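Peer 1: Protein sequences, first through last, are from chains A and B.
Everything in the first sequence is counted per the numbering used here, starting at 10 for the first residue and increasing by one.
Everything in the second sequence is counted per the numbering used here, starting at 10 for the first residue and increasing by one.
The beta carbon of each residue, even a glycine, is placed where N, CA and C say it ideally should be.
What you are looking at is a predicted structure, and each value in this text was computed from that prediction instead of being measured.
Sharing a structure with you now.
Number of protein chains: 2
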Amino acid sequence: MAHIKVDAVDRDSSVDKVEQILSGAMQEFLKHGFAGTSMDKVAVAAGVSKATVYSHFQDKEGLFKVLIERLARKKFNSIFGTEPPEGEPAIVLRQLGTKALQQMVSDEEHRAFMRVLIGESGRFPELAQVCVRAMIKPVVETLTHYLASHPELKITDPEAVARILLGTLVHFHIVQDVMHGKDILPMASDHLIDTMTNLIVSNAN
Amino acid sequence: MAHIKVDAVDRDSSVDKVEQILSGAMQEFLKHGFAGTSMDKVAVAAGVSKATVYSHFQDKEGLFKVLIERLARKKFNSIFGTEPPEGEPAIVLRQLGTKALQQMVSDEEHRAFMRVLIGESGRFPELAQVCVRAMIKPVVETLTHYLASHPELKITDPEAVARILLGTLVHFHIVQDVMHGKDILPMASDHLIDTMTNLIVSNAN
DNA sequence: GTCTATAGTGCGATAGAC
DNA sequence: GTCTATCGCACTATAGAC
């Protein structure tokens with residue numbers, strides 16, 4: 010029993026340590042980017058020693074990659090991780106846009122993640138591609154499929170429309186929140202979403 | 010005459026140094042970001058001594074800010090710096106989109122600039138706002154004005170449509186080029202631009 | 001704990017304009 | 001000769017990778 014307990018504790022604490030490290034690394038990397046983050050700070054933020062960090066991850070780059078790939082999955086799930094939409098396009102599109110934008114705006118972590126991801130996409134091209142595959146591609150495909158399943162919208166290129174939808178929302182979020190443009194270019198997200206929905210739906214006339 | 014020439018030489022060489030420094034700083038900051046850039050490397054890339062760098066710019070942060078503000082103006086001019094568009098919307102919008110996208114795609118420097126600007130928008134919020142004011146706001150206003158001057162398009166919210174236009178193009182560029190998503194989510198820019206143009210123009214029916 | 005890199009400073013030397 | 005800008009270099013102190 011003691012033996013079993015030790016094994017369990019060992020495994021648990023090992024997993025816990027990894028989680029702790031990733032949690033500390035997230036705070037630091039998201040706040041300061043790759044170059045601006047020190048492994049000392051990561052260790053402190055994680056509440057472990059530097060040696061522990063290096064015992065679980067090869068180096069700074071390895072830790073960074075694991076963290077970003079994790080975050081890509083997490084953010085995709087929290088923002089677009091609902092079932093594929095069904096129903097009246099005018100309503101579904103508005104709901105989808107409103108919900109996605111709300112999720113992005115209310116999530117400070119997501120803003121920091123976008124900054125780091127785009128900011129480091131020059132130094133870590135493969136990592137950026139992993140995120141495109143894990144986040145953007147699934148969204149485009151889901152939207153494309155939904156649009157294509159509504160022939161009454163008379164959309165000839167559903168994938169292009171899906172990109173217009175996604176691009177409009179994400180760019181709006183980047184300008185308003187990531188780049189702090191709210192006060193300089195104020196705009197109610199409802200207006201944007203309504204206008205975009207109308208553009209797509211009124212095509213059916 | 011000698012007097013005039015001397016004055017001119019003095020001013021020129023001083024300006025030249027500043028230009029040299031900014032040019033070296035551009036190479037380094039655009040490649041490695043703010044935290045990843047050292048002032049030693051900047052001095053080497055600029056072909057001047059570190060003392061000279063510090064004689065013209067207060068510190069690393071000051072140099073970075075001047076550089077980014079300059080680049081914001083430069084990039085705005087090179088990509089959207091044409092006269093306000095006139096003529097048939099279907100043609101003007103297609104031309105505008107095609108030209109803007111071509112400019113962005115063919116400009117490696119622009120990609121690096123977007124990475125740095127978005128990547129450092131957490132650490133330098135005022136700087137991001139300067140760029141919103143200098144680049145995005147003028148584009149949105151120009152597009153809004155153009156769309157509003159064509160009542161036959163029956164657009165109720167021209168500014169929202171302007172944002173959809175801009176967002177579609179910029180997000181496409183970010184995914185395809187900045188984040189290296191070309192091979193993962195291939196799409197011809199013509200299709201995107203045609204689809205977007207049709208969405209806006211066919212509203213008039 | 002070790003070893004390297006970096007921000008920023010200070011100083012002597014140099015070169016050119018007057 | 002004087003003044004100014006620049007250079008090259010040495011130096012401190014700190015931070016950070018491992």
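#1: Have a look at I30 of chain B and V139 of chain B and give me their C-alpha separation to the nearest angstrom.
#2: Determine the closest residue to R79 of chain B out of B:E28, B:I209, B:E161, B:T165, with distance taken between C-alpha atoms.
#3: Counting only C-beta atoms, is I127 of chain B closer than 8 Å to chain A at any point?
#4: Tell me the rounded alpha-carbon separation between M35 of chain B and L76 of chain B.
#5: Does the Cβ-Cβ distance between L152 of chain A and L178 of chain A come in under 8 Å?
#6: For F43 of chain A, I'd like the list of residues in its chain whose CB is within less than 6 Å of its CB, leaving aside the five on either flank, ordered along the chain.
#7: The alpha helix (DSSP H) with V141 of chain B in it runs from where to where?
#8: Take the Cβ of P195 of chain A as the centre, count every other Cβ of all protein chains shown within 10 Å, and call the residue buried at 16 or more, exposed below.
#9: Going by other Cβ atoms of all chains shown within 10 Å of its Cβ, with 16 needed for buried, is E117 of chain A buried or exposed?
#10: Taking only the alpha-carbon atoms, compute the straight-line gap between A17 of chain B and K26 of chain B and give it to the nearest angstrom.
#11: For the pair the segment 190–207 of chain A and the segment 156–173 of chain B, tell me if three or more CB-CB distances fall below 8 Å.
#12: Using a Cβ-Cβ distance under 8 Å, would I100 of chain B count as near chain A?
#13: Beta-carbon of E95 of chain B versus every beta-carbon of chain A: anything under 8 Å?
#14: Report all residues from its chain with a CB closer than 8 Å to the CB of V163 of chain B; omit the five preceding and five following residues, and keep chain order.
#15: Grab me the residues of A54 of chain B's own chain with a C-beta within less than 7 Å of its C-beta, minus the 5 sequence neighbours each way, in chain order.
#16: Taking the continuous alpha helix (DSSP H) assigned at T46 of chain B, which residues delimit it?
#17: Would you verify that the beta carbon of I193 of chain B is, or is not, closer than 8 Å to some beta carbon of chain A?
#18: Select from the segment 169–184 of chain A all residues with a C-beta closer than 8 Å to any C-beta belonging to chain B, and list them in chain order.
#19: Spell out a yes or no on whether the segment 118–137 of chain B and the segment 89–106 of chain B are touching, meaning 3 or more CB-CB pairs, one atom from each, closer than 8 Å.
#20: Have a look at A:K50, A:H119, A:A143 and flag the residue whose alpha-carbon is nearest the alpha-carbon of V187 of chain A.
#21: Would you tell me roughly how many angstroms separate the C-alpha atoms of V24 of chain A and I193 of chain A, rounded to the nearest one?
#22: Any beta carbon from chain B within less than 8 Å of D25 of chain A's own beta carbon?
#23: What is the DSSP secondary structure of P195 of chain B, counted as helix, strand or coil?
#24: Which residue from B:Y155, B:V184, B:A143 puts its Cα closest to that of I88 of chain B?
#25: Whose C-beta lies closer than 7 Å to the C-beta of R20 of chain B among residues of the same chain, with five residues either side of it excluded?
#26: Out of B:F122, B:A121, B:R132, B:H180, point me to the one whose CA is closest to G106 of chain B's CA.
#27: Pick helix, strand or coil for V57 of chain B, following the three-state DSSP scheme.
#28: Excluding the five sequence neighbours on either side, which residues of its own chain have a C-beta within less than 7 Å of the C-beta of L39 of chain A, listed in chain order?
Peer 2: This is what the structure holds:
#1: 22 Å
#2: Minimum Cα distance to R79 of chain B is reached at B:E28.
#3: yes
#4: 7 Å
#5: no
#6: F73, E129
#7: Run containing V141 of chain B: none; DSSP gives neither H nor E here.
#8: exposed
#9: exposed
#10: Summary for A17 of chain B: the model assigns pLDDT 32, below 50, so the residue's position carries little reliability; its value from the coordinates is reported in the next sentence. Near 14 Å, if we compare the C-alpha coordinates of K26 of chain B and A17 of chain B.
#11: yes
#12: no
#13: no
#14: Looking at the sequence shown, residue 163 of chain B is not Val but Lys. Closer than 8 Å at the Cβ level, and outside the excluded window around K163 of chain B, lie N212, A213.
#15: G33, Q36, E37
#16: In this chain, T46 of chain B is not harboured by any alpha helix (DSSP H), its DSSP state being neither H nor E.
#17: yes
#18: A169, V170, R172, I173, L175, G176, T177, L178, V179, H180, F181, I183, V184
#19: no
#20: Closest by alpha carbon: A:H119.
#21: 46 Å
#22: no
#23: coil
#24: B:A143
#25: Note that R20 of chain B scores 39 on pLDDT, short of 50, meaning its location in the model is unreliable; the coordinates nonetheless yield the value given after this. Around R20 of chain B: no qualifying Cβ.
#26: B:H180
#27: coil
#28: Apart from the 5 residues on each side of it in sequence, L39 of chain A sits with its Cβ closer than 7 Å to the Cβ of E118, A121, F122, V125 in its chain, given in chain order.
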